[in-house]
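Remarks on the structure that follows.
Numbering (my numbering), first residue to last: 126 to 271.
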């Protein structure tokens, strides 16, 4: 039987992002931007590439990165807050869909998302979750049908 602390740890681990799931490095981001396909859904824009992973595992390896334009959001505090919201929204929807996808994805705001920030100055977590879920549904459909 699990103790409450172990159950909380297991739940937290299933919703966390491991280092192997996160895209790191300036060159990695540039490579994705240069050759990426794009999907927009509401406030979210995804840039994605089919992964060039040499691992032949039955489970896909989905790597994600989070990007916010410094030209459109000048305050680093605001950019980091938005990235935290995007990460939280992604963590909440990732386990539903990402099991067999092998891709690299950058998650950012669409033009509509930036417009909302200019007007309201805030984004709602539930709305971001819905937009990310919708965008990933389209992404998974495209990747599975290639």
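Here a beta-carbon is modelled for each residue, glycine too, at the ideal position from N, C-alpha and C.
Where residue i sits in the DSSP three-state scheme
i           : result
residue 142 : coil
residue 159 : helix
residue 135 : For residue 135, the pLDDT reaches just 46, beneath the cut-off of 50, and the residue's location in the model is therefore unreliable, leaving the point undetermined.
residue 190 : strand
residue 165 : strand
residue 113 : Residue 113 is absent from the model: the chain starts at 126 and stops at 271.
residue 150 : coil
residue 195 : coil
Contact under 8 Å by Cβ, residue i with residue j
i           : j           : result
residue 234 : residue 193 : yes
residue 169 : residue 238 : yes
residue 241 : residue 248 : yes
Euclidean distance between Cα positions of residue i and residue j
i           : j           : result
residue 146 : residue 216 : 11 Å
residue 259 : residue 219 : 12 Å
residue 144 : residue 187 : 12 Å
residue 141 : residue 213 : 9 Å
residue 226 : residue 266 : 10 Å
residue 196 : residue 204 : 11 Å
Other residues of its chain near residue i: CB distance less than 6 Å, five sequence neighbours each side excluded
i           : result
residue 207 : 193
Close-in-space but distant-in-sequence residues of the same chain around residue i (CB under 7 Å, 5 per side omitted)
i           : result
residue 174 : 157, 160, 161, 228 and 229
residue 189 : 146, 147, 148, 215, 230 and 232
residue 269 : none
Cβ neighbours of residue i in the same chain (closer than 8 Å, five flanking residues each side left out)
i           : result
residue 210 : 248, 250 and 253
Inter-residue CB distance, residue i and residue j (contact presumed, cutoff 8 Å)
i           : j           : result
residue 256 : residue 167 : 4 Å
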